[in-house]
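Top line first, the protein sequences correspond to chains A and B.
At the far end of the first sequence sits residue 342, using this note's numbering, and the numbering has no gaps.
At the far end of the second sequence sits residue 630, using this note's numbering, and the numbering has no gaps.
Take a look at the structure set out below.
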Amino acid sequence: MQKLKVGTIGIGKMGLLHTGIFNNLDGSTVTAIAEKKKLIALGLKKYLTSINVYQDFQEMLDKEDLDVVVITTPVFLHKEMIETAMKKNVHIFVEKPLAKNQVETKAILQQPYSKKSLVGYCRRFMETYNLAKKIIDNALLGQVNFFHSYLFVSQVFTQGQGWMYDPRMSGGGVLIDLGSHAIDLFHYLFGDIEAVKGTSKCIFNTDVEDYVSVDLNLKNIPFGSLQLSWSERNHRLPECKIDIHCDYGTITVTEKYLTIYSEKEVDFLSKGWNTYYKQNLTKNVPIDLGGSEYTLEDQHLVQCITDGLDTRCDFREAAKTNIVVDTIYSSIENGKKINIIY
Amino acid sequence: MELILGHNQFIGISHISEERSRERNQRFSTVENIYRIVEQAADLGFSGMVIESHPRMIEFLEYYKKTRTVDIEFYLQLPYIQGYVAKINEQGFSGLLKDIIKKSSMKDLSTVVLGNILNAAKMDYLAMATSLLRLEASPFLDVKIKALLLHNVLSDLLLSLHLKDSFCSYRQYVEKKLKIKAGIVTLNFHLFKTCLDSWNIPPFLVMTPINPMGFDMNPSQVTVEANLKEYNGKIIAMNVLGGGAFSVQESFNYLQSIGSVTSAVVGASSEEHLKEIIDVAKKYEEQA
Numbered sequence: 001m002q003k004l005k006v007g008t009i010g011i012g013k014m015g016l017l018h019t020g021i022f023n024n025l026d027g028s029t030v031t032a033i034a035e036k037k038k039l040i041a042l043g044l045k046k047y048l049t050s051i052n053v054y055q056d057f058q059e060m061l062d063k064e065d066l067d068v069v070v071i072t073t074p075v076f077l078h079k080e081m082i083e084t085a086m087k088k089n090v091h092i093f094v095e096k097p098l099a100k101n102q103v104e105t106k107a108i109l110q111q112p113y114s115k116k117s118l119v120g121y122c123r124r125f126m127e128t129y130n131l132a133k134k135i136i137d138n139a140l141l142g143q144v145n146f147f148h149s150y151l152f153v154s155q156v157f158t159q160g161q162g163w164m165y166d167p168r169m170s171g172g173g174v175l176i177d178l179g180s181h182a183i184d185l186f187h188y189l190f191g192d193i194e195a196v197k198g199t200s201k202c203i204f205n206t207d208v209e210d211y212v213s214v215d216l217n218l219k220n221i222p223f224g225s226l227q228l229s230w231s232e233r234n235h236r237l238p239e240c241k242i243d244i245h246c247d248y249g250t251i252t253v254t255e256k257y258l259t260i261y262s263e264k265e266v267d268f269l270s271k272g273w274n275t276y277y278k279q280n281l282t283k284n285v286p287i288d289l290g291g292s293e294y295t296l297e298d299q300h301l302v303q304c305i306t307d308g309l310d311t312r313c314d315f316r317e318a319a320k321t322n323i324v325v326d327t328i329y330s331s332i333e334n335g336k337k338i339n340i341i342y
Numbered sequence: 343m344e345l346i347l348g349h350n351q352f353i354g355i356s357h358i359s360e361e362r363s364r365e366r367n368q369r370f371s372t373v374e375n376i377y378r379i380v381e382q383a384a385d386l387g388f389s390g391m392v393i394e395s396h397p398r399m400i401e402f403l404e405y406y407k408k409t410r411t412v413d414i415e416f417y418l419q420l421p422y423i424q425g426y427v428a429k430i431n432e433q434g435f436s437g438l439l440k441d442i443i444k445k446s447s448m449k450d451l452s453t454v455v456l457g458n459i460l461n462a463a464k465m466d467y468l469a470m471a472t473s474l475l476r477l478e479a480s481p482f483l484d485v486k487i488k489a490l491l492l493h494n495v496l497s498d499l500l501l502s503l504h505l506k507d508s509f510c511s512y513r514q515y516v517e518k519k520l521k522i523k524a525g526i527v528t529l530n531f532h533l534f535k536t537c538l539d540s541w542n543i544p545p546f547l548v549m550t551p552i553n554p555m556g557f558d559m560n561p562s563q564v565t566v567e568a569n570l571k572e573y574n575g576k577i578i579a580m581n582v583l584g585g586g587a588f589s590v591q592e593s594f595n596y597l598q599s600i601g602s603v604t605s606a607v608v609g610a611s612s613e614e615h616l617k618e619i620i621d622v623a624k625k626y627e628e629q630a
């Protein structure tokens, strides 16, 4: 079977990572790259001789016969690039978040488009969270009554430099950047969110928030909470820890492990404490460049295209996260709890 | 079996949990505590140690040079990718460059800058990139470096893009200019071996995950096992204990079953754990 031809737009760290992965999957190969920065484009052209390199993404889309476009540029460029790629009728992978705000995501969703899309919320491809989802979906511990969670990383301890710290380009601070991962995970694990109330604080940055606290009401769960910060000391890697309290036990889940306390023996769970590490759960992948979840994500898109299946997080699903993020920003601004309108 | 002490625990990395990462980070925040474990490891029979240019490991290195009650050979892992990524996230590429320049000695900096004028004119980015390794390696050049290990984040990316020339440039620079054996760390041993074979490049010293659960043995444990048996270069096993997810006994049992592995990197944070590892390793050596 012929391999899917992939073109990447934007060669930063995520662009390199996805290019490397798609270039080595059985079902895909990278045939083109678009990178705006001249020096990087020249370097790529010199060394990647089997890949056509462009500085203008539009030129790449016009000249190349691509099956899949991978967009790994800063978020303020997503909307224009997605819409252009949609018109070319190609499958699209775009890094999270889908766009800067819900105005942009609505415009994207209004475009006529019948190809596959996947937004890079990579925690949907981590086995610890997937095992938690299995326990919740099958109600092995009964119903979820509430959850509390945090997502922290040690990243910002001075005024940040660049587009990420300018809300006109990034859409906001830690909430849209890091927090969108947590909000997406809540959609994945628990379903729709009904209302939110947020508070925030700027410590190191003047224009974007460094800390956010959110209370949530969900359709299926009375309440949950989320603490967010990219300025939390001693968190070398992003850690999204969720404590989920159910009728007959609790689940604590992070990127690295899952601990379940069960009051009874049920299905694969023993009575008492059950602990699973990523090392025991993670499947082997064709290639690992900085985390198996990225490979599983890209492999999933290729498989969905090949087999005509729906992806785990298409534009419509990812747009819900932008809606929740925007509503939290509104709540922070006016100090009130606000209902979510998807 | 050559036992090499891993360094992740000293810089607060745990593959088990972030809670453990923070506990290790706190415990080894003083270099004396790192040195004590290294000294115990050397006394018990560990012959080498992995090190990198993380600020804490540089501090440890200075302490080691001053104290030096034991002799240990270092495997120097470069570049310090996590530090670079963190700097780029906060301050962008220009912030990273400023940081590298600030930390480099005038002598090394001028050597690298002068050496790269011609490379820049020829747009030889590979030569420029490899010569930057000199800046990072510079604090380590007066201790025994057994090999330089190219970090898996970089080596695997280069493999994924099938950049044969980068591996040739890297080996040439490290072995000819720095006079150190060039090694590679990879999580993709099958791809690594396939590339070297097809490029007709002699085997590198390689450090790669080998453990009973097959964790990070990509694309599959069975494939990697077959590749390991056919590989002619020196193989150092890593992720042997899965950060603590697998027992010492079952891990060494498995290592022994892979005949071609002669070295293993194992992390330990206490004398008790070091002794457990040594006892099991010795038992297997006696059986062999």
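Beta carbons are placed, not taken as given, at the ideal position from N, Cα and C, and that holds for glycine.
Quick caveat: nothing in here was measured; it's all calculated off a predicted structure.
Determine the chain A residues that contact residue i at a beta-carbon separation under 8 Å, and present them in chain order.
i, result
"Q351 of chain B", "Neighbours of Q351 of chain B on chain A: none; closest Cβ ~13 Å, over 8 Å."
"V495 of chain B", "L289, G290"
"P561 of chain B", "N284, V285, P286, I287"
"S359 of chain B", "T254, K256, Y257"
What does the alpha-carbon distance come out to for the pair residue i and residue j?
i, j, result
"G308 of chain A", "E59 of chain A", "29 Å"
"V516 of chain B", "L475 of chain B", "8 Å"
"Y329 of chain A", "F186 of chain A", "18 Å"
"L44 of chain A", "D247 of chain A", "55 Å"
"W485 of chain B", "E404 of chain B", "The sequence given here places Val at residue 485 of chain B; Trp does not occur at that position. Rounded to whole angstroms, V485 of chain B to E404 of chain B spans 10 Å at the Cα level."
"K337 of chain A", "S262 of chain A", "34 Å"
"G198 of chain A", "T311 of chain A", "30 Å"
"T295 of chain A", "A469 of chain B", "30 Å"
"I355 of chain B", "L347 of chain B", "14 Å"
"L616 of chain B", "A383 of chain B", "6 Å"
"V266 of chain A", "L140 of chain A", "7 Å"
"N274 of chain A", "G173 of chain A", "36 Å"
"D210 of chain A", "K133 of chain A", "29 Å"
"D137 of chain A", "G191 of chain A", "10 Å"
"M74 of chain A", "V103 of chain A", "With the sequence shown as reference, residue 74 of chain A is identified as Pro, and Met is not the correct amino acid for it. Using only the alpha carbons, I get a separation of about 17 Å."
"K264 of chain A", "G142 of chain A", "11 Å"
"N23 of chain A", "R233 of chain A", "37 Å"
"A579 of chain B", "K320 of chain A", "44 Å"
"L538 of chain B", "A524 of chain B", "14 Å"
"F557 of chain B", "I193 of chain A", "36 Å"
"E631 of chain B", "D26 of chain A", "Residue 631 of chain B lies beyond the residue range present for chain B, which begins at 343 and ends at 630; the question has no answer from this structure."
Taking C-beta pairs closer than 7 Å, name the residues in chain A that residue i reaches, listed in chain order.
i, result
"S363 of chain B", "R236"
"L597 of chain B", "Residues of chain A passing the Cβ test: none, with the nearest at roughly 16 Å."
"H615 of chain B", "Chain A residues near H615 of chain B: none, gap ~18 Å exceeds 7 Å."
"F557 of chain B", "Q279, T282"
"L499 of chain B", "L16, G20, L289"
Using alpha carbons as the reference points, say which of the options lies closest to residue i.
i, options, result
"Q390 of chain B", "B:I414, B:E478, B:S562", "According to the sequence provided, residue 390 of chain B is Gly. The question's Gln does not apply to it. Selected option, being the one with the closest Cα: B:I414."
"T250 of chain A", "A:L216, A:T282, A:L269", "A:L269"
"L277 of chain A", "B:F509, B:S599, B:S611, B:F588", "Checking the sequence shown, residue 277 of chain A turns out to be Tyr, not Leu. Nearest option by C-alpha distance: B:F588."
"V495 of chain B", "B:A524, B:R364, B:N530, B:L483", "B:N530"
"P554 of chain B", "B:S502, B:N542, B:G584", "B:G584"
"T8 of chain A", "A:Q2, A:D26, A:N280, A:D65", "A:D65"
"F416 of chain B", "B:E614, B:D621, B:V607, B:V622", "B:V607"
"Y121 of chain A", "A:V144, A:L189, A:T282", "A:L189"
"C304 of chain A", "A:F93, A:L16, A:I221, A:H235", "A:F93"
List the residues of chain B that residue i touches, going by C-beta distances under 8 Å, in chain order.
i, result
"I21 of chain A", "S502"
"N354 of chain A", "The structure shown does not extend to residue 354 of chain A, since chain A is modelled only from 1 through 342, so no value can be given for it."
Along chain A, which residues have their Cβ under 9 Å away from the Cβ of residue i?
i, result
"I376 of chain B", "In chain order: nothing, as chain A lies at least about 17 Å away."
"D507 of chain B", "Y47"
"G354 of chain B", "N234, R236"
"N367 of chain B", "N234, R236"
| request: With 7 Å as the C-beta to C-beta threshold (strictly closer), list the residues of the segment 268 to 282 of chain A near chain B in chain order. | output: Listed in chain order, the positions of the segment 268 to 282 of chain A with a beta carbon within less than 7 Å of a beta carbon of chain B are Y277, Q279, N280, T282.
| What residues in the segment 43 to 60 of chain A bring their beta carbon closer than 7 Å to a beta carbon of chain B? | Hits within the stretch, in order: G43, K46, Y47, L48.
| said: Please identify, using Cβ separations under 8 Å, the residues of the segment 518 to 552 of chain B that lie next to chain A, in order along the chain. | reply: For the segment 518 to 552 of chain B, the beta-carbon criterion of a distance under 8 Å to any beta-carbon of chain A is satisfied by L529, N530, L533.
| message | Quick check for students: name the residue ranges of the alpha helix (DSSP H) that lie wholly in the segment 208 to 289 of chain A, counting only runs of 4 or more. | response | Along the segment 208 to 289 of chain A, the alpha helix (DSSP H) occurs as fully enclosed runs of 4 or more residues at 278 to 281, listed in sequence order.
| Where in the segment 118 to 167 of chain A do unbroken runs of the beta strand (DSSP E), each at least 3 residues long, occur, reported from the N-terminal end onward? | Counting only runs of 3 or more, we get 144 to 152.
| said: Suppose only complete runs of 4+ residues qualify. What are the alpha helix (DSSP H) ranges in the segment 47 to 96 of chain A, listed by chain order? | reply: As far as the segment 47 to 96 of chain A is concerned, its whole alpha helix (DSSP H) runs of at least 4 residues are 57 to 63, 78 to 87.
| request: For the segment 239 to 258 of chain A, enumerate the residues whose C-beta is nearer than 9 Å to any C-beta of chain B, in chain order. | output: Those residues of the segment 239 to 258 of chain A placed with their C-beta closer than 9 Å to a C-beta in chain B are E239, K241, T254, E255, K256, Y257, ordered along the chain.
| query | Got a sec: which bits of the segment 1 to 17 of chain A sit with their beta carbon under 8 Å from any beta carbon on chain B, in order along the chain? | reply | Look at the segment 1 to 17 of chain A: the residues with a C-beta under 8 Å from a C-beta of chain B are K13, L16, L17.
| message | Any C-beta of chain A within less than 8 Å: which residues of the segment 467 to 483 of chain B qualify? | response | From the segment 467 to 483 of chain B, only Y467, L468 have a Cβ closer than 8 Å to chain A.
| field | Runs of alpha helix (DSSP H) lying entirely within the segment 290 to 318 of chain A, each at least 4 residues, in chain order | value | List check, alpha helix (DSSP H) in window: 292 to 307.
| Near-chain A residues of the segment 577 to 601 of chain B (beta-carbon distance less than 9 Å), N- to C-terminal order | Legend: CB atoms of the segment 577 to 601 of chain B lying less than 9 Å from CB atoms of chain A belong to residues N581, G584, G585, G586, A587, F588.
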